[in-house]
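Some notes on the structure that comes next.
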């Protein structure tokens, strides 16, 4: 399904979409376009492992700002646990569900 947004977002507007959704915004280096601020939140499974060297794809360089402060502390296949990646919704253990 293709959804088009013809009007620019106003201050305070937001969009929410799946991370693999094809999307774009006007070029930030175009003098006719005002700068914009983007805030991104990603949720991942717990536990999660760093991709191995043989993974089908690696991270994009443009995303480096989101992982550069912690990724060097882990090797391929390591379980990733770090203070910069807080657990926001802990899974109930089987013991706690009884």
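Numbering (the working numbering), first residue to last: 1 to 98. The C-beta atom is built at its ideal place from N, Cα and C for all residues, glycine as well. A quick note: this is a predicted structure, and the numbers were derived from the prediction, not measured.
Of the residues the options, the one placed nearest residue i, counting alpha carbons only
i	options	result
residue 65	89, 13, 84, 52	84
residue 44	14, 18, 2	18
Inter-residue Cα distance where the pair is residue i and residue j
i	j	result
residue 48	residue 22	24 angstroms
residue 6	residue 25	11 angstroms
residue 137	residue 88	As displayed, the chain neither begins before 1 nor continues past 98, which places residue 137 out of reach and without an answer.
residue 72	residue 39	23 angstroms
residue 86	residue 20	23 angstroms
residue 13	residue 46	30 angstroms
residue 8	residue 2	17 angstroms
Beta-carbon spacing of residue i, residue j below 7 angstroms
i	j	result
residue 78	residue 50	yes
residue 52	residue 76	yes
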